[in-house]
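If you read the protein sequences in the order shown, they are chains A and B.
First residue of the first sequence: 1, per this note's numbering; consecutive thereafter.
First residue of the second sequence: 1001, per this note's numbering; consecutive thereafter.
Beta carbons are placed, not taken as given, at the ideal position from N, Cα and C, and that holds for glycine.
Some notes on the structure that comes next.
Protein chains: 2
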Amino acid sequence: MPKETYIPCLLRLFRQYGYDGATLAKISEATGLGKASLYHHFPGGKDEMVEAVLNFLESWLDQNILQPLGKTGDAYTRLQQMCDRLNEFYEGGEQPCLFAVLLLGSARDVFHAKVKTLFQTWINAIAQVLIETGMQPELAHQRGEDAAIAVQGALILAQGLDHPAPFRRVIQQLPAQLCQAEMSDNTPRTTL
Amino acid sequence: MPKETYIPCLLRLFRQYGYDGATLAKISEATGLGKASLYHHFPGGKDEMVEAVLNFLESWLDQNILQPLGKTGDAYTRLQQMCDRLNEFYEGGEQPCLFAVLLLGSARDVFHAKVKTLFQTWINAIAQVLIETGMQPELAHQRGEDAAIAVQGALILAQGLDHPAPFRRVIQQLPAQLCQAEMSDNTPRTTL
DNA sequence: GACATTATACCAAACGATCGGTACAGTAAA
DNA sequence: TTTACTGTACCGATCGTTTGGTATAATGTC
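So this is what it looks like as structure tokens:
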């Protein structure tokens, strides 16, 4: 079997257990491959496995996020499509984000560069959509960051509260919040 | 020396390296205590060390967040005080959140219950402040979640982008966003 | 005060288990 | 016969943990 076959399984393991927690014993059991076979497909060991998963996620990002966002048409609808795909990918908030897992694990330095560019790519793509609607580039970029923040934060909270509701709500509200016009005054609030 | 002396050091280590990455060797070196001495203070081993850190964070939360939020006075100002303390604690976005680290590490199950109640306590305290301003309880609770989401997401992004700017911006904008009145119509946006 | 006892704080060394990784013989397919 | 792949057995290193013990200071006893 080609090594690409095992990428989804590896993704699942690293998301679930983290870099350290996903031991070769677990990987061997989950893939049904002996250690020797794993090292045949991934001579670089665990690091190469994670790298392969990150490459897979890069192409996933391109196909499921960047390309839909790059199409012509309604900005709101395009962002909604992105949210649909994110909802799928994170299984409605039940699965954590591998990026966050890697960033907060002990091997953060090894994969930091790759994760950084993936984040930047995603944020820039969102910003570009908003710029096309006439939004100022600076604000659009902020909104792109806000989207990433909302998704990542919601995933953390969903894990922490052991309930996916916050993530689902964020995903549902996100397109409207991103397209929303800026507040006219600085601090409009209900009451003091 | 009493074991409380070593809590800040342990907090730093677990934040920086994660549960798995903070090995006893590193802990021994950082604290200046031999492994056996660590087991004198924390007979339960690493788990008890983390537990002690979480207990410390629980009292930190009470003193620096819950009590200021519980005072009388301007809601906006109280939330701003909370943000100041958070900014301190996370060192302007340069330090990750131990809760997230634990939730995404391999030992998530062990500390999940404790982290969950701490999250809930924090969110409820924010919601209570907003309810006092006349906000509907349901919306107030959503805003409490939004605050946690924004902080956690911003910390992840700050780690991922290797730049604390997103966190600082979120912290600065947070009080206004929480107090902000609900949108009149559902999806007001600039352009299609 | 002098002495025995106990509690606290600490450490060097070693424990078994598991880690990621490798060597190599063997099998299956071309 | 070559190439691709896999199972077994094994490696050194490091993991968290435990053992056995030593100082030091406090506490009780006479």
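Asked, Found
"So with CB distances below 7 Å, who are the chain B contacts of I149 (chain A)?", "A1150, G1153, A1154, L1157, P1166 and V1170"
"Count the other CB atoms within 10 Å of the CB of M1001 (chain B); is the residue buried (16 or more) or exposed (fewer)?", "exposed"
"Just to confirm my understanding: we take H1112 (chain B), look at its own chain, exclude 5 residues before and 5 after, and list those with CB closer than 6 Å. What are they?", "none"
"Between the C-alpha atoms of F119 (chain A) and P1068 (chain B), what's the straight-line distance to the nearest angstrom?", "35 Å"
"Nearest to F167 (chain A) by CA position, among A:Q180, A:A147 and A:C179, is which residue?", "A:A147"
"Any Cβ of chain A within less than 9 Å of the Cβ of I1007 (chain B)?", "no"
"Taking DSSP as the reference, what is the three-state secondary structure of P1096 (chain B)?", "coil"
"With 9 Å as the threshold, decide whether the Cβ of E1138 (chain B) is near any Cβ in chain A.", "no"
"D1020 (chain B) and G21 (chain A): beta carbons closer than 9 Å?", "yes"
"Got a sec: is the Cβ-Cβ distance from G1018 (chain B) to anything in chain A below 9 Å?", "yes"
"My output table needs one value for T1031 (chain B): the three-state DSSP class, helix, strand or coil.", "helix"
"How should W1060 (chain B) be labelled, buried or exposed, when 16 other C-beta atoms within 10 angstroms of its C-beta is the threshold for buried?", "exposed"
"Using the beta-carbon count (16 or more within 10 Å), is A1140 (chain B) buried or exposed?", "buried"
"Alpha carbons only, please: which of B:L1178, B:D1162, B:G1018 and B:W1122 is nearest the one belonging to N1064 (chain B)?", "B:W1122"
"Considering only the alpha carbon of each residue, which of A:D109, A:L10 and A:L178 lies closest to T133 (chain A)?", "A:L178"
"Output yes if chain A places a C-beta closer than 9 Å to the C-beta of S1106 (chain B); else output no.", "yes"
"Would you check if the distance between the CB atom of L1086 (chain B) and the CB atom of I1027 (chain B) is smaller than 9 Å?", "no"
"What are the residues in the region 75-87 of chain A lying within 8 Å of chain B by C-beta distance?", "A75 and Y76"
"Spatial neighbours of E1058 (chain B) within its chain, please: C-beta separation below 7 Å, excluding the five flanking residues on both sides.", "L1118"
"Give a yes or no on contact between the region 1151-1161 of chain B and the region 96-109 of chain A, applying the rule of three or more CB pairs nearer than 8 Å.", "yes"
"For L24 (chain A), count neighbouring Cβ atoms within 10 angstroms of its own Cβ and tell me buried if that reaches 16, exposed if not.", "exposed"
"For L1013 (chain B), count neighbouring Cβ atoms within 10 angstroms of its own Cβ and tell me buried if that reaches 16, exposed if not.", "buried"
"Less than 9 Å between the C-beta atoms of L155 (chain A) and Y90 (chain A), yes or no?", "yes"
"Just to check my reading of the structure: P1164 (chain B) and G1093 (chain B) have Cβ atoms closer than 8 Å, yes? What is that Cβ distance to the nearest angstrom?", "3 Å"
"Between the region 1110-1123 of chain B and chain A, which residues of the former have CB atoms less than 8 Å from a CB of the latter, in chain order?", "H1112, V1115, K1116, F1119 and Q1120"
"Any C-beta of chain A sitting closer than 9 Å to the C-beta of E1094 (chain B)?", "no"
"In three-state terms, what does DSSP make of G160 (chain A)?", "helix"
"Which class does F14 (chain A) belong to by DSSP, given the choice of helix, strand or coil?", "helix"
"Strictly under 9 Å for the Cβ-Cβ distance: is V1053 (chain B) near chain A by that measure?", "no"
"Does the distance from the CB of L54 (chain A) to the CB of V115 (chain A) come in under 9 Å?", "yes"
"Closer than 7 Å by beta-carbon distance: list the chain B residues that pair up with F99 (chain A), in chain order.", "G1160"
"Quick one, which of B:Q1152, B:G1032 and B:A1036 has its alpha-carbon nearest Q1095 (chain B)'s?", "B:Q1152"
"Against chain B, with Cβ distances strictly below 9 Å, would E91 (chain A) count as a contact?", "no"
"Among B:V1050, B:I1126, B:Y1006 and B:G1105, which has the Cα closest to the Cα of G1032 (chain B)?", "B:Y1006"
"Please state the DSSP three-state secondary structure of Q205 (chain A).", "Since the first and last residues shown for chain A are 1 and 192, residue 205 (chain A) lies out of range."
"Is the shortest distance between the beta-carbon of E1029 (chain B) and the beta-carbons of chain A less than 9 Å?", "no"
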